[in-house]
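This report refers to the structure that appears directly beneath it.
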Amino acid sequence: MTATRLRAMLLPAGTVLVGCAAAGVVLAADPTSDAGFPLPPCPVKWLTGLDCPGCGATRLFYSLLHGDVLSALHYNAALIAFIPFFLWTWGAWVLGRWQGRRIPTWEQWRWSPMAGLVLIAVWAVIRNLPFPPFTALYV
């Protein structure tokens, strides 16, 4: 391994360390109960009472760390669907740094930004509809 490649991998290694630290904080906090130390509430929910598209992400992460996929789906199903795209992007970024060239991902597709915005907006509306079966999406 060359020194250039090792230097290029410092930032990806840093993201892994930050992710592990975040996992440790979430595990210690236990956001699904009052047993752990308190984490700050979602500012959108705190100010408006509505679930934002990201609401439930911390509890989802906690559930996934415990292998409880069904609870994770309850907390934020849309975010579960996004995880493979996030991993694809992160993996392509790491591989690109290793190889010294840009690796294409879904983010470069022409329609990706608009599709992403539409999906986020639809999810934000659906999870706040005040009638069944959508009330089951409240967190």
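With mature numbering (1 follows the signal peptide of the UniProt record, and there is no 0) as the guide, the letters of the sequence shown map in order to residues -28 to -1, 1 to 111. Glycine is no exception: its CB is placed at the ideal position from the N, C-alpha and C atoms. Computed from a prediction, not measured in an experiment: that's the story for all the values here.
With burial defined as no fewer than 16 other Cβ atoms inside 10 Å of the residue's Cβ, what is the status of A108: buried or exposed?
In the sequence shown, residue 108 corresponds to position 136, counting from 1. It is exposed - the Cβ of A108 has fewer than 16 other Cβ atoms within 10 Å.
CB contact flag (Y34, D2, <8 Å)
Position 62 of the sequence shown holds residue 34. Position 30 of the sequence shown holds residue 2. Taking 8 Å as the Cβ cut-off, Y34 and D2 qualify as a contacting pair.
Please go through the same chain and pick out, in chain order, the residues whose beta-carbon is closer than 8 Å to the beta-carbon of P76, but skip the five residues on each side of it.
As a first step, residue 76 must be located in the sequence shown, where it is residue number 104. For P76, where only same-chain residues beyond five positions count, the Cβ hits under 8 Å are A64.
On the CB-based measure, 16 or more other CB atoms within 10 Å of its CB, does C27 come out buried or exposed?
In the sequence shown, residue 27 corresponds to position 55, counting from 1. C27 should be labelled buried.
Taking 8 Å as the threshold (C-beta atoms), are L32 and L59 in contact?
Within the sequence shown, residue 59 is the residue found at index 87, counting from 1. Within the sequence shown, residue 32 is the residue found at index 60, counting from 1. No, they are not a contact pair.
DSSP on P105, reduced to helix/strand/coil?
Position 133 of the sequence shown, counting from 1, holds the residue named residue 105. If DSSP states are grouped into helix, strand and coil, P105 belongs with coil.
Do you know offhand how far S84's Cα is from V90's?
Taking the sequence shown and counting its residues from 1, the one referred to as residue 84 is at position 112. Taking the sequence shown and counting its residues from 1, the one referred to as residue 90 is at position 118. Distance between the alpha carbons of S84 and V90: 10 Å.
Taking Cβ to Cβ, would you say V(-3) is nearer than 8 Å to L37?
The residue you call residue -3 lines up with position 26 of the sequence shown. The residue you call residue 37 lines up with position 65 of the sequence shown. In contact: V(-3) and L37 (Cβ atoms closer than 8 Å).
DSSP-derived helix/strand/coil call for T(-14):
Start at 1 with the first residue of the sequence shown, and residue -14 comes out as number 15. Residue state, collapsed to three classes: helix.
Count the other CB atoms within 10 Å of the CB of A7; is the residue buried (16 or more) or exposed (fewer)?
For this step, residue 7 is matched to residue 35 along the sequence shown. A7 comes out exposed.
Does DSSP put R82 in a helix, in a strand, or in coil?
In the sequence shown, residue 82 corresponds to position 110, counting from 1. Three-state DSSP puts R82 in coil, outside helix and strand.
Tell whether a beta-carbon distance below 8 Å holds between P25 and A96.
Translated into positions along the sequence shown, residue 25 becomes position 53. Translated into positions along the sequence shown, residue 96 becomes position 124. Contact: yes.
Among Y110, I55 and W70, the one whose alpha carbon lies nearest that of M(-20):
Position 9 of the sequence shown, counting from 1, holds the residue named residue -20. Nearest C-alpha to M(-20): W70.
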